[in-house]
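Taking my numbering, the leading residue of the sequence shown gets 620, the next gets one more, and so forth.
Glycine included, every Cβ here is placed at the ideal spot set by N, Cα and C.
Note that the structure is a prediction, hence the values are computed from the model and not measured.
One structure below.
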Amino acid sequence: MLAQTLRLSALCAAAIAIAPAPARAQPPAACRTIRLGHGGWLDNQVQNAVFGAVVAPFGYQVRIEPARLKTIYHRLADGRLDVYLQDWRPDNWMSSVTAIRDSDVARKRIAVAGTDLSGARHTLAVPAYLYRAGLKDFADIHKFAGQLDHTIYGIEPDNVGDRQLLSMIRHNTDGLGGFHLVQAGAGGMLRALAAKIRHHEPILFLGWQPDAMNVEYRIRYLGGGAAAFGHDQGAARSLILTRAGYAAQCPAIGGLLHRFRLPVRAESRMMYDIQVKREAVGPVAAAWIAAHPAWLKRMRAPLASPARG
Numbered sequence: 620m621l622a623q624t625l626r627l628s629a630l631c632a633a634a635i636a637i638a639p640a641p642a643r644a645q646p647p648a649a650c651r652t653i654r655l656g657h658g659g660w661l662d663n664q665v666q667n668a669v670f671g672a673v674v675a676p677f678g679y680q681v682r683i684e685p686a687r688l689k690t691i692y693h694r695l696a697d698g699r700l701d702v703y704l705q706d707w708r709p710d711n712w713m714s715s716v717t718a719i720r721d722s723d724v725a726r727k728r729i730a731v732a733g734t735d736l737s738g739a740r741h742t743l744a745v746p747a748y749l750y751r752a753g754l755k756d757f758a759d760i761h762k763f764a765g766q767l768d769h770t771i772y773g774i775e776p777d778n779v780g781d782r783q784l785l786s787m788i789r790h791n792t793d794g795l796g797g798f799h800l801v802q803a804g805a806g807g808m809l810r811a812l813a814a815k816i817r818h819h820e821p822i823l824f825l826g827w828q829p830d831a832m833n834v835e836y837r838i839r840y841l842g843g844g845a846a847a848f849g850h851d852q853g854a855a856r857s858l859i860l861t862r863a864g865y866a867a868q869c870p871a872i873g874g875l876l877h878r879f880r881l882p883v884r885a886e887s888r889m890m891y892d893i894q895v896k897r898e899a900v901g902p903v904a905a906a907w908i909a910a911h912p913a914w915l916k917r918m919r920a921p922l923a924s925p926a927r928g
């Protein structure tokens with residue numbers, strides 16, 4: 620895909636019901652355009668839109684550069700990309716792609732600027748009514764095998780979570796040996812979830828947050844499964860990565876990145892408004908910012924500094 624330039628000062632800043640910022644000097648030329656990586660996920664799109672709306676009134680322009688994750692890491696390391704807001708870090712994931720990232724961070728070719736999302740999750744989940752019925756932990760799954768028709772709804776063959784589940788099935792971990800994993804894509808899983816909940820039927824599926832499903836449905840994440848999905852119900856976080864030296868070159872943006880954080884519930888809500896209510900990303904991001912002036916003031920503090928860059 621071609622790089623897309625988001626000019627958010629007109630759309631988002633106008634939509635954000637705040638007093639306009641006083642006139643101020645333009646940022647240094649080297650910092651004026653912020654090249655943001657976009658891995659194709661909606662939550663990353665939400666993060667980019669919110670970030671763009673925060674910086675737009677200060678003379679910054681955000682340029683979104685869509686790419687595969689591996690390419691994003693390479694571009695950061697080579698200095699062809701400035702920032703990536705969604706370096707997803709589940710508790711126990713490792714792959715050949717994340718190994719590239721870790722190597723470049725260790726060699727100081729990529730810098731970690733902050734944590735923009737905590738409280739995320741990626742593990743097995745059930746509807747709240749099934750949780751209340753007693754399916755609360757991986758160790759409980761085998762007791763509900765018949766009701767679940769020995770079926771777990773995953774995502775797709777390349778998904779890391781699916782690979783973990785297949786390993787658990789293969790090794791009969793937590794009694795999953797007789798289960799079948801459905802891999803029909805995220806859309807297929809969500810359609811199955813909607814149908815099962817509509818009829819108040821049992822379903823066991825690979826869930827995650829932030830996502831619209833956490834707003835649209837009452838779901839609960841299972842305890843246990845630490846060997847496969849990590850501790851604390853599949854806890855995950857998202858880090859902010861930059862090219863080496865970016866925060867020193869552009870200290871105002873570096874200061875913003877150090878504090879830039881969205882609540883996981885807020886991201887899920889915005890994703891719901893976009894996916895389910897079919898609202899546009901820019902206005903959704905602008906509306907959330909307008910409703911949280913204290914958050915906006917805190918984010919913009921480094922940008923308002925006379926010594927900004």
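When the distance is taken between beta carbons, is residue j closer than 8 Å to residue i?
i, j, result
"L841", "F757", "yes"
"I788", "G780", "no"
"L915", "V673", "yes"
"G738", "V834", "no"
"E886", "D721", "no"
"G794", "H769", "no"
"A831", "V895", "yes"
"A696", "G656", "no"
"A747", "R839", "yes"
"L881", "V702", "no"
Considering just the uninterrupted stretch of the beta strand (DSSP E) at residue i, what are its terminal residues?
i, result
"E684", "680–685"
"D706", "702–709"
"R728", "Looking at the DSSP string, R728 is not in any beta strand (DSSP E), and its letter there is neither H nor E."
"S857", "854–862"
"V673", "No beta strand (DSSP E) contains V673, which is instead part of the alpha helix (DSSP H) from 661–674."
"F824", "824–828"
"V801", "799–801"
Just to confirm my understanding: we take residue i, look at its own chain, exclude 5 residues before and 5 after, and list those with CB closer than 6 Å. What are they?
i, result
"Y836", "I816"
"Y772", "V801, M808, A811, F824"
Below 7 Å, is the gap between the Cβ of residue i and the nearest heavy atom of the ligand FMN?
i, result
"Q766", "With respect to small molecules bound, the structure shown includes none, and the ligand FMN cannot be examined in it."
Compute the Euclidean distance between the alpha carbons of residue i and residue j, then round it to the nearest angstrom.
i, j, result
"P821", "L922", "50 Å"
"L700", "L754", "45 Å"
"L824", "A814", "It should be pointed out that residue 824 corresponds to Phe in this sequence rather than to Leu. Straight-line Cα distance between these residues: approximately 13 Å."
"T792", "F763", "15 Å"
"W660", "H790", "32 Å"
"A642", "R878", "Reliability of the predicted coordinates at A642 is poor, the pLDDT of 47 falling under 50, and the value obtained from them is presented with this limitation in mind. Each residue's Cα considered, the two are about 24 Å apart."
"P647", "A867", "13 Å"
"V724", "Q766", "46 Å"
"R708", "S786", "21 Å"
"G804", "N778", "9 Å"
"A732", "C650", "16 Å"
"I893", "G698", "32 Å"
"R694", "A718", "15 Å"
"S857", "Q664", "14 Å"
"Q666", "F848", "25 Å"
"L800", "L809", "15 Å"
"T652", "R888", "29 Å"
"V903", "Q802", "31 Å"
"R654", "G671", "11 Å"
"Q783", "H818", "29 Å"
"A899", "G806", "20 Å"
"R897", "R751", "32 Å"
Where do the N-terminal and C-terminal ends of the alpha helix (DSSP H) with residue i fall, by residue?
i, result
"F763", "Where F763 is concerned, there is no enclosing alpha helix (DSSP H), given that its DSSP letter is neither H nor E."
"T792", "Where T792 is concerned, there is no enclosing alpha helix (DSSP H), given that its DSSP letter is neither H nor E."
"L875", "870–878"
"I691", "688–697"
With a threshold of 8 Å on Cβ separation, who are the neighbours of residue i within its own chain once the five nearest residues in sequence on each side are excluded?
i, result
"S924", "A871, G874"
"T690", "none"
Can you list, in chain order, the residues of its chain whose CB lies under 7 Å from that of residue i, leaving out five sequence neighbours each side?
i, result
"G658", "L688, I691, Q705"
"G796", "I788"
"Y891", "A831, V834, E835"
"L749", "P821"
"M918", "V673, L875, R878, F879"
"W827", "R740, H741"
"P776", "Q802"
"D759", "G753"
Check the Cβ-Cβ distances between residue i and every residue of chain B, and say whether any is below 8 Å.
i, result
"R654", "You won't find chain B in this structure, because it holds only one protein chain."
**Message:** Whether or not the segment 848–856 and the segment 736–745 are in contact is what I'm after, with contact meaning three or more pairs of Cβ atoms, one per stretch, closer than 8 Å; do they touch?
**Reply:** Yes: the two stretches touch, three or more of their Cβ pairs being nearer than 8 Å.
**Message:** Counting beta carbon pairs with one atom in the segment 861–878 and one in the segment 717–734, are three or more of them shorter than 8 Å?
**Reply:** With the cut-off at 8 Å, the segment 717–734 and the segment 861–878 touch.
**Contact the segment 893–911 vs the segment 676–694: 3+ CB pairs below 8 Å** = The segment 893–911 and the segment 676–694 do not touch, with fewer than 3 CB-CB distances between them shorter than 8 Å.
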